[in-house]
Amino acid sequence: MKKRRAFSTAITIGALVFFHAPLVVLVVNSFNTSRFGLTWDGFTLKWYEELFRNREVLAALWRTLKIALLATPVAAVLGTLAALALHRHRSRLQQAHMLMVQLPLVIPELLMGFSLLLFFVATGWQLGMTTIWIAHVTFCISFVTMVMLARLQDFDFTLLDAARDLGASRWQAARRVLLPLLWPGVLASALLSFTLSIDDFVITFFVSGPGTTTLPVQIYSMMKLSRSMPVINALSALLLLATIVLVMSSHILIRPRRS
Amino acid sequence: MTTRRRFLLSSTSTLALASCEREDEGQPELPKELRVFIWADYIKPELVKRFETEHNCKVVIDTFDSNEAMYAKLKAGATGYDIAVPSSYMVKLMHQQMMLNDIVPGMAPNLRHISGDIANKVYDKLFKVSVPYAVGCTVIAYRKDKIKEPEASWMLFDRADLNPKTTLLNDMRETLGAALRTQGFSINSRDEVELGQARDLVIRWKKNTAKFDNEAYKAGIDSGEFSAVMGYSGDLFQVVAENPQVGILLPKEGVVISCDEFVILKEAPNPFLAHEFINFMLEPNVSAENMEHIGYRCPNKEAMNIVSPSFLSNPVIKIPDEVMNRSEIIEDLGDDLPKWTKAWDAAKAG
């Protein structure tokens, strides 16, 4: 028994180190005078200073967050509705629907980005924030739908029947019973979409227009020629901090009410 | 609780929507806008601002991460950009594909400042469709504490005493190119016998290398993990400026030069402003200030007389004439590409 616990502790520690050591290295290097990060040359805040002076990076960051914030709620709503339809109805049409939802998950990003670009060009759509937003909603919907479908597997639909028996209208049952029970799933899938949207490079590169370079595109480009690469360490450290604060506050918000 | 969360959600989305609209509305009000498609951090931001004030316009900078991605995007029909900054070999392809606008010499009188040594190496020697912007090259960086008085030659990689403390670039044009130069052939050779000899030389060099690498060599030479690396001048500019233990060798056989150039795109909404921008970037004092910021040499004769001595003393900036004369710019291989990939695959496997 004791031995077993030691084993699982070792696994846990190993996994934690594996996941978090790179982050620690990144944060430490954001304070490192050395540009190249293999040796410690002393403490500095210059990368943070440079970051706040770098208007390209900050503009790209703001743009990226804006797209993610706008794409996430739409994808969450549409994806959840799609999952409900797919779960409740089994027809030929829904089979085709399922295929269309799964397609963006399996086709290579490059293909999706390029075909979206060709589509926008063919329809004469001006490339910019709107086209990025449409593209992001498109690929996020698939992920939301898959998460919600998994959630619905365990969902007890007799609860809805009970609500109807007790006199609730269809809308009331959906609003008071279905939605609150599905809410954690919706939130989880929204968080997933948010992350996917912030991360996306390939698709975004193709559908972005003049003046809409996003953070991942900026970072990839900086890797080639930029002399201020450590600025990215500083930015990542700040994003990490923001994420921790966000996750902790959402924990506080969602914590079940004490009776 | 629910209401608070709902409030939070709705307020963030309205905020985001509102600011989005503001940006969309703001654009048409501005008098002129110039859109530049370029690598990140490849122009000094203060100079862009100066151009904006002088010409009462707005400059929008967008970035790409490879010539090929930029080409694919523009070729597919993405429009709205005025200026792009492809490398010389890509200029050729874009020119052949009729994607470029002509440069009107009368609208860019500063073209006369461009250095002859670069002008006669690029694809478009008369600046009909492209204007050389920045030049880099592939060099050797070595640790002064590990190698005493090395010879400036690619054959440094043949020294068995360095085994396994060297790296070669994981790029067939660079590494096979250096091997071709070493044997006196052109870096753009399409001859299979020459390529075969280059392949055998790379296989010999490979015996002494830790790996083929394009990224980690900077940190590796800085920390002393490697004794000699083959690398891009732009990356090594910083290393030699900050670490006195690292020296640069410009191989006497000649080096591979890369040149990024301004082009005005066929569909440019504002070709007039694009000419003004290119002309502005070619002004000697602007060019001098810019190259010190980006760490690459801008091929501008007058500007080279203005730059600070410390910049000029960086060994990756000033290439001696005898090396320059033996150096070449990478050309697009076209249909001969498979010959190269075959030689490269064999070199990496052998």
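Keeping their order, the protein sequence lines are chains A and B.
For what it's worth, this note's numbering labels the leading residue of the first sequence as 254, then goes sequentially.
For what it's worth, this note's numbering labels the leading residue of the second sequence as 111, then goes sequentially.
Glycine residues also receive a C-beta, built at the ideal position from the N, C-alpha and C atoms.
Strictly under 7 angstroms for the Cβ-Cβ distance: is R300 of chain B near chain A by that measure?
In the second sequence, counting from the first residue as 1, residue 300 of chain B sits at position 190. Not one chain A Cβ lies under 7 angstroms of R300 of chain B.
Hey, how far is the Cα of V303 of chain B from the Cα of Q206 of chain B?
By one-based count along the second sequence, residue 303 of chain B stands at place 193. By one-based count along the second sequence, residue 206 of chain B stands at place 96. Roughly 29 angstroms between the two C-alpha positions.
For T173 of chain B and chain A, any beta-carbon pair shorter than 7 angstroms?
As a position in the second sequence, residue 173 of chain B is number 63, starting the count at 1. Interface residue, yes.
Restricting to runs no shorter than 4 residues, where is the alpha helix (DSSP H) found entirely within the segment 430-488 of chain A?
432-452, 455-460 and 468-478
Is DSSP giving L140 of chain B helix, strand or coil here?
Against the second sequence, residue 140 of chain B aligns to sequence position 30. Residue placement at L140 of chain B is poorly supported in this model, since its pLDDT is 49, which falls under 50; the coordinates still yield a value, given next. Note: L140 of chain B maps to coil in three-state DSSP.
Since C247 of chain B is in the beta strand (DSSP E), which residue starts that stretch and which ends it?
Taking the second sequence and counting its residues from 1, one reaches residue 247 of chain B at position 137. Element bounds for C247 of chain B: S240 to R253.
Using beta carbons (cut-off 7 angstroms, strictly below), is D151 of chain B in contact with chain A?
Taking the first residue of the second sequence as position 1, residue 151 of chain B is located at position 41. Residue-level contact by beta carbon holds for D151 of chain B and chain A, with a gap shorter than 7 angstroms.
Considering only their Cβ atoms, is the gap separating A194 of chain B from F147 of chain B smaller than 7 angstroms?
Sequence index remark: in the second sequence, residue 147 of chain B carries index 37 (1-based). Sequence index remark: in the second sequence, residue 194 of chain B carries index 84 (1-based). Cβ distance < 7 angstroms, so F147 of chain B and A194 of chain B count as in contact.
My understanding is that V245 of chain B touches C369 of chain B, with C-beta atoms under 8 angstroms, so please give their C-beta distance in whole angstroms.
Taking the second sequence and counting its residues from 1, one reaches residue 245 of chain B at position 135. Taking the second sequence and counting its residues from 1, one reaches residue 369 of chain B at position 259. About 5 angstroms separates the two Cβ atoms, so the contact holds.
Using beta carbons (cut-off 7 angstroms, strictly below), is F305 of chain A in contact with chain B?
Within the first sequence, the letter at position 52 stands for residue 305 of chain A. No, F305 of chain A does not count as interfacial toward chain B.
Taking contact to mean 3 or more Cβ pairs, one atom from each stretch, closer than 8 angstroms, check whether the segment 408-427 of chain A and the segment 462-472 of chain A are in contact.
no
Count Cβ pairs between the segment 245-264 of chain B and the segment 406-419 of chain B that sit closer than 8 angstroms; are there 3 or more?
Counting Cβ pairs under 8 angstroms, three or more are found: they touch.
Within the same chain, show all residues whose beta-carbon is closer than 8 angstroms to that of D452 of chain A, passing over the 5 residues directly before and after it, in chain order.
Counting from one through the first sequence, the residue named residue 452 of chain A turns up at place 199. Here the set comprises P469.
Taking all protein chains shown into account, decide if W386 of chain A is buried (16 or more other Cβ within 10 angstroms of its Cβ) or exposed.
Within the first sequence, residue 386 of chain A is the residue found at index 133, counting from 1. So W386 of chain A ends up on the buried side.
Output yes if chain B places a C-beta closer than 7 angstroms to the C-beta of V484 of chain A; else output no.
Walking along the first sequence from the start, residue 484 of chain A turns up at place 231. So no, V484 of chain A is outside the interface.
Rank B:T319, B:N400 and B:L422 by C-alpha distance to the C-alpha of N280 of chain B and give the top, closest one.
Along the second sequence, read from residue 1 onward, the residue named residue 280 of chain B stands at position 170. For the residues B:T319, B:N400 and B:L422, the minimum Cα distance to N280 of chain B belongs to B:T319.
Quick test of the definition: if touching needs 3 or more C-beta pairs under 8 angstroms, does the segment 395-410 of chain A touch the segment 425-439 of chain A?
yes
Taking G190 of chain B as the query, report the chain A residues whose CB atoms sit under 9 angstroms from its CB, ordered along the chain.
In the second sequence, the residue the question calls residue 190 of chain B occupies position 80. Correct list: Q379, L380, G381, G462, P463 and G464.
Let me see if you follow: with CB-CB separation under 7 angstroms, is S333 of chain B close to chain D or not?
The question asks about chain D, but that chain is absent: this structure's protein chains are A and B.
How about Q207 of chain B: is its C-beta nearer than 7 angstroms to some C-beta of chain A?
Working through the second sequence from its first residue, we reach residue 207 of chain B at position 97. For Q207 of chain B, no CB of chain A lies under 7 angstroms from its own CB, so it is not counted at the interface with that chain.
Quick check on DSSP: helix, strand or coil for K321 of chain B?
Residue 321 of chain B sits at position 211 when you count from the first residue of the second sequence. DSSP places K321 of chain B in strand when its eight states are reduced to three.
Thinking C-alpha only, which one of B:Y252, B:S337, B:E284 and B:L290 is nearest P274 of chain B?
Residue 274 of chain B sits at position 164 when you count from the first residue of the second sequence. When each option's Cα is compared against that of P274 of chain B, the closest is B:S337.
Distance, Cα to Cα, D301 of chain B vs M200 of chain B?
Taking the first residue of the second sequence as position 1, residue 301 of chain B is located at position 191. Taking the first residue of the second sequence as position 1, residue 200 of chain B is located at position 90. Distance between the alpha carbons of D301 of chain B and M200 of chain B is about 22 angstroms.
Is the segment 378-386 of chain B touching the segment 435-447 of chain B in the sense that three or more CB pairs, one from each, lie closer than 8 angstroms?
Touching, no.
From T277 of chain B to D323 of chain B, what does the alpha carbon distance come to, in whole angstroms?
Counted from its first residue, the second sequence places residue 277 of chain B at position 167. Counted from its first residue, the second sequence places residue 323 of chain B at position 213. So the alpha carbons of these two residues sit roughly 6 angstroms apart.
Nearest-angstrom Cα distance between V310 of chain A and S479 of chain A?
Against the first sequence, residue 310 of chain A aligns to sequence position 57. Against the first sequence, residue 479 of chain A aligns to sequence position 226. For V310 of chain A and S479 of chain A, the distance between alpha carbons rounds to 12 angstroms.
Specify the secondary structure class of E135 of chain B as computed by DSSP and reduced to three states.
Here residue 135 of chain B refers to the residue found at position 25 when the second sequence is read from its first residue. Confidence is the limiting factor: at E135 of chain B the pLDDT is only 44, short of 50, which leaves the residue's position unreliable and the question unanswerable from this model.
Please check the pair I358 of chain B and V426 of chain B, which I expect to be a contact at CB under 8 angstroms, by giving their CB distance rounded to whole angstroms.
Locating residue 358 of chain B in the second sequence gives position 248, where the first residue counts as 1. Locating residue 426 of chain B in the second sequence gives position 316, where the first residue counts as 1. At roughly 6 angstroms, the Cβ-Cβ gap stays under 8 angstroms, so I358 of chain B and V426 of chain B are in contact.
In chain order, what residues of the same chain lie with their CB nearer than 7 angstroms to the CB of I313 of chain B, ignoring the 5 residues before and after it?
Here residue 313 of chain B refers to the residue found at position 203 when the second sequence is read from its first residue. Contacts found: A457 and G460.
Given that a residue counts as buried once 16 or more other Cβ atoms are within 10 Å of its Cβ, and exposed if not, what is A375 of chain A?
Within the first sequence, numbered from 1, the residue matching residue 375 of chain A stands at position 122. Exposed.
For G194 of chain A and chain B, any beta-carbon pair shorter than 7 angstroms?
Past the boundaries of the shown model lies residue 194 of chain A; chain A is included only from 254 to 512, so the question cannot be answered.
Can you tell me whether T297 of chain A is helix, strand or coil according to DSSP?
Taking the first residue of the first sequence as position 1, residue 297 of chain A is located at position 44. In the structure shown, T297 of chain A sits in coil (DSSP, three-state: anything other than H, G, I, E or B).
In chain order, which continuous runs of the alpha helix (DSSP H) of length 4 or greater are located wholly inside the segment 282-351 of chain B?
282-292, 302-316 and 327-333
Strictly below 9 angstroms CB to CB, what residues from chain A border P155 of chain B?
Taking the second sequence and counting its residues from 1, the one referred to as residue 155 of chain B is at position 45. Near P155 of chain B (Cβ distances below 9 angstroms), the residues of chain A are R306, N307, R308 and E309.
Say whether chain B places a C-beta atom closer than 7 angstroms to the C-beta of K299 of chain A.
By 1-based counting over the first sequence, the position of residue 299 of chain A is 46. Chain B contact via Cβ: absent.
Just mark K183 of chain B as buried or exposed, buried being the case when its beta carbon has 16 or more other beta carbons within 10 Å.
Start at 1 with the first residue of the second sequence, and residue 183 of chain B comes out as number 73. Buried.
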